[in-house]
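Peer 1: So that we are looking at the same thing, I have put the structure below in structure tokens.
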Amino acid sequence: MNLRSALKPGFVGGIVVVYLSAIGMVERFQDRNVITGLVGLGVVLMLVAFAITSYTAARKSDSSLLTGVAVGFISGAFVAIVTMGFEGLINAGLDVRGMFVSITPGLLETLEFGLNPVVGAFMMVVASTAVGAVSGVLVGLEYHLRSAVVFAIGITLLMSLGEPILRVTLGNLQIPTGWLYELGGLTIAGTIIVLALAFGLRWWWMSRADTRREAAAQMPEATRRTWGRASLMAAIVALVALPWIVGPFVSDVLGTVGLYVLLGLGLNIVVGYAGLLDLGYVAFFAVGAYAAAIFTSPASFLVTEEGQQFAEAGFTNLWVALPFVVIIAVVIGAAIGAPVLRLRGDYLAIVTLGFGEIIRTLVLSDWLSPYLGGAQGLTRVPAAPPSSFDLRNPQHIYYLILAFSLIAAYISYRLVDSRVGRAWAAMREDEDVAEAMGISVVRYKLLAFAMGAGVGSLGGVFFAAKIGSIFPNSFGLQVSINVLAVIILGGIGSIPGVIVGAAALVGLPELLREFGEFRLLIYGAILIAIMIFRPEGLLPNKRRQRELHEGQDLAAVDLTKEGPS
Amino acid sequence: MSHLLELEGVSKRFGGVQAVDSVDFFADPGEIVGVIGPNGAGKTTLFNIVTGFYSPDAGKINFDGHNLVGLKPNQITRVGISRTFQSVRLFAAMTVLENAMVGQHTRTKAGIYGALFNTRRTVNEEQKVHTSAIESLSFFGERLTPRINSLASELAYADRRRLEIARAMATEPQLLLLDEPAAGMNPAEKEGLIELIGRLRDEKGYAIVLIEHDMPVIKGVSDRVVALDYGKKIAEGSYDEVAADPQVIAAYLGKAGSEEQQ
Ligand SMILES: Nc1ncnc2c1ncn2[C@@H]1O[C@H](COP(=O)(O)OP(=O)(O)O)[C@@H](O)[C@H]1O
Ligand SMILES: [Mg+2]
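One line per chain: the protein sequences are X and Z, in this order.
Numbered by numbering that gives the first Met the number 0, the letters in the first sequence go through residues 0 to 564 in order.
Numbered by numbering that gives the first Met the number 0, the letters in the second sequence go through residues 0 to 261 in order.
Here's what the structure looks like:
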């Protein structure tokens, strides 16, 4: 091993920890118990930073243990020196906090493990070196063992971080949690049990991987299908039970995730299947929301004075409106799609970018304000939701969103391998050749656009019903970007990808609320990490994966051609 | 007497370039027409006009009773003209089989409804698409059938050319337009190609128009040869007649340098 290869990761680890400390994250997080009475989240954050840097460095080196130790040592020493430096500056009477607001006595105490500065610095180096050594040893372990250890540690951290939700959930399931959680963190006994269980389960699962694969390979087609159907049924049952298990707060988050699943599935037809980059998808979301509002709100211009009572009673309810809303969205989708779908690639993207803005501007315009409520928005959508099925109750509307997401997923699933799906795939790869194969590119683009519009409008309807009122600034560019991010994060063209992408992109920030002002920092870091480690998305679609990789291959030959040749 | 494909006075101009200059052209069922001419003579442009990618500035195009002028490429494929591209253009991320299946698009109907409800008609149709794709692929003997589940991008160059022809065959055309099918092939593969094009005519009954620079291939397959230069038709007749035509010789000699570069 050469020392210089440990220097850089060592400093990176040190700088990351100093940075996280200086922005106040370490101190704030230290209040949160991970293992109550033993470690707080602040310390865990530091240790994880040390672990990641020394682990990655150790993996690249032939003498992993030595490298791990060296990286850990350098990181810890760096942090210790900086800590002592600040300590010295403060002792010298300098106003450190004038510049570094977050360098508080509390932080220094955390960084010194509550000991005196010199012993604390020593402890920091010992701790980081130990973490480095453990990382180095981990790298050297046999794959199964390493994987089980990492899994166990990861699960334990997740269990601890997920405490707010898990405790409520387990409580709802009548499972006592006293032995597991205490004061917001895991108990020591709970930690040991979780570690052991996670390790054991992972170990057992992996040791049976071969037999399992064999069994799956030998399984007759009929049995396999039964299994597939059974797991699908189980998943659906779990989804149906979910809101009652997790309680109203998480149900509300689930509803939002579901909305994005719906929107993601719709946009996936346009971007993932047909290959049309649509940056104005929010337009259809807005059309759905506004159309729902116009049809169901008693404040709507459609409601005459005599009809007022009728509307207040909630007659014009959502069920009647739903099909009309979708039809309107599909027609609008086709109408604005028709003139622009001749454009290709980036040009199309720019024009669609305009759609989103046009809709918002129209809503705010003097011309349409009287009908669409302008900046005041439209409220009471619908006026009197059916009492048996309260749309404003997150545990109720969840089912509506779930049902339509399942339908949208089914539609996508059926289409992708059909003649229509093949035509889209062909068009996505090469429009000219698709035409030459007899595929009417305009027609299939329109079809994708209209279907995307229909599904997107459903998202709008449920959004309006969920919140009960809509305002123009709910329909900004951000929505289009988020939905696109959902499908990119999940893996373009992949249905499970959309679900996972929505859960990650929309669910994560909600669950990170606990971390207050650091929420978006963590969120951004996680997104970057996902895109670095899984550039094709979390659950990529096989075919799209191939397309992303064909780079220098066949298709590249034609990039220089002007016309079909 | 009317021909299967008939062009009358077709012209096309790109800026200052008269790519095709009032060309008369025809092709009959069961006939192989070779189109030759130096680079930039307008051969590919002629194909692009016939297949609807470019609209002619002037002239008439008739095919099997249809006026092709103004039709979109996909409509032209539907009436029975299929083509390959000078630079092989397969759906690289699709499998060999899927490429051929796409070719069946115009001969099938299933839309959203059929796909969603998996109707009996759709199931049968998918079956037919599959069979007919396999059938097109098996025309090439053992070249493509063992590889139906490989990606098109994994095929060897000559097989890519074959797959492109198979995909065109899957559209069930009456007329096949081949743009330099022998380009990049070695002499043995060219021999195979000559035989294959002959079989396409004899077994499938297609009318075939092929653009080719390779004179042995043209000589080997063509029933009739048409020579273009600067967008104009400069000669037409049997291979020997056209090859002996002073204008053709002059055109090739004049462009010999640029021909080498290609
Ligand atoms: N899309 C286009 N835009 C401008 N010029 C073109 C276009 N396509 C072909 N040309 C020009 O038309 C002429 C004939 O080209 P082409 O038909 O490709 O010749 P070839 O006989 O080699 O196939 C060339 O001068 C070419 O540059
Ligand atoms: Mg050419």
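Ideal placement from N, C-alpha and C gives every residue a C-beta, glycine not left out.
1) Ligand 3 and Thr83 of chain Z: does the residue's C-beta get closer than 7 Å to at least one heavy atom of that ligand?
2) For His2 of chain Z, write down the residues that DSSP places opposite it in a beta bridge.
3) Nearest-angstrom Cα distance between Pro301 of chain X and Thr295 of chain X?
4) Taking the alpha helix (DSSP H) that Val269 of chain X falls in, what are its first and last residues?
5) Going by Cα to Cα distance, which pick from X:Gly9, X:Val249, X:Glu509, X:Gly170 is closest to Val70 of chain X?
6) Just tell me which of X:Ala234, X:Ile529, X:Leu258 has its CA closest to the CA of Ala501 of chain X.
7) Hey, how far is the Cα of Asp365 of chain X from the Cα of Ile60 of chain Z?
8) Kindly indicate the opening and closing residues of the alpha helix (DSSP H) around Glu235 of chain Z.
9) Ser417 of chain X touches chain Z at which residues, Cβ-Cβ below 7 Å?
10) Which same chain residues end up closer than 6 Å to Val16 of chain X when comparing Cβ atoms and leaving out the 5 residues on each side of it in sequence?
11) Rank X:Gly453, X:Val11, X:Pro338, X:Ala288 by C-alpha distance to the C-alpha of Ile326 of chain X and give the top, closest one.
12) To the nearest angstrom, report how far apart Ala249 of chain Z and His212 of chain Z are at their CA atoms.
13) What does Ala273 of chain X reach in chain Z if we use C-beta pairs closer than 8 Å?
14) Could you tell me the distance, in whole angstroms, from the CA atom of Met93 of chain Z to the CA atom of Glu546 of chain X?
15) Short of 8 Å in beta carbon distance, which residues of its chain neighbour Ile14 of chain X, apart from the five on each side in sequence? Order them along the chain.
16) Consider the C-beta atom of Lys231 of chain Z and the heavy atoms of ligand 2; say whether any pair is separated by less than 7 Å.
17) In the stretch 354-389 of chain X, which residue ranges form an unbroken alpha helix (DSSP H) of at least 4 residues, counting only runs that do not cross its ends?
18) Does chain X have any CB closer than 8 Å to the CB of Arg77 of chain Z?
19) Looking at the C-beta of Lys71 of chain Z, does it have a partner C-beta in chain X at a distance below 8 Å?
20) Where does Ser86 of chain Z fall in DSSP's three states?
21) Indicate, with yes or no, if ligand 2 has a heavy atom lying under 7 Å from the CB of Asp178 of chain Z.
22) Quick check on His143 of chain X: buried or exposed, where buried means 16 or more other Cβ atoms within 10 Å of its Cβ?
23) Once the 5 residues before and after Val87 of chain Z are set aside, which same chain residues still bring their CB inside 7 Å of it?
24) With a threshold of 7 Å (Cβ to nearest heavy atom), would Ala40 of chain Z be considered close to ligand 1?
25) With contact counted as at least three CB pairs below 8 Å, one residue from each stretch, are the stretch 429-444 of chain X and the stretch 66-76 of chain Z in contact?
26) Under three-state DSSP, which class holds Ser299 of chain X?
27) Between the alpha carbons of Val68 of chain Z and Gly230 of chain Z, how many angstroms are there, rounded?
28) Rounded to whole angstroms, what is the Cα-Cα separation between Asn316 of chain X and Ser473 of chain X?
29) What does Val224 of chain Z reach in chain X if we use C-beta pairs closer than 8 Å?
30) Please name the residue in Z:Gly204, Z:Pro172, Z:Val216, Z:Leu209 whose C-alpha comes closest to that of Ile193 of chain Z.
31) Taking Cβ-Cβ distances shorter than 8 Å, what residues in chain Z pair up with Leu414 of chain X?
32) Which runs of the alpha helix (DSSP H) at least 4 residues long sit entirely within the stretch 117-170 of chain Z? Give them in chain order.
33) Should Thr44 of chain Z be listed as close to ligand 1, given that the test is whether its C-beta is under 7 Å from any heavy atom?
34) Cβ of Phe283 of chain X within 7 Å of any heavy atom in ligand 1?
35) Taking Cβ to Cβ, would you say Arg421 of chain X is nearer than 8 Å to Met100 of chain Z?
36) Could you compute how far the alpha carbon of Pro28 of chain Z sits from the alpha carbon of Glu134 of chain Z?
Peer 2: Reading from the atomic positions:
1) In the structure shown, ligand 3 is absent; the only ligands present are ligand 1 and ligand 2.
2) The partner list for His2 of chain Z (beta bridge, DSSP) is empty, contrary to what the question assumes.
3) Here the sequence assigns Leu to residue 301 of chain X, which means Pro is not the residue at that position. Cα to Cα, the separation comes out at about 9 Å.
4) Looking at the DSSP string, Val269 of chain X is not in any alpha helix (DSSP H), and its letter there is neither H nor E.
5) X:Gly9
6) X:Leu258
7) 53 Å
8) Element bounds for Glu235 of chain Z: not the alpha helix (DSSP H) but the beta strand (DSSP E), 231-236.
9) Ala109, Ala114
10) Met45, Ala48, Val78
11) X:Gly453
12) 16 Å
13) Here the premise fails: no neighbours, minimum Cβ distance about 13 Å.
14) 9 Å
15) Phe77
16) no
17) 368-371
18) yes
19) yes
20) coil
21) yes
22) exposed
23) Arg159, Arg160, Glu163
24) yes
25) yes
26) coil
27) 19 Å
28) 22 Å
29) Those within 8 Å of Val224 of chain Z in chain X number zero; the least Cβ separation is about 22 Å.
30) Z:Val216
31) Ile111, Ala114, Leu115
32) 119-137, 156-168
33) yes
34) no
35) yes
36) 21 Å
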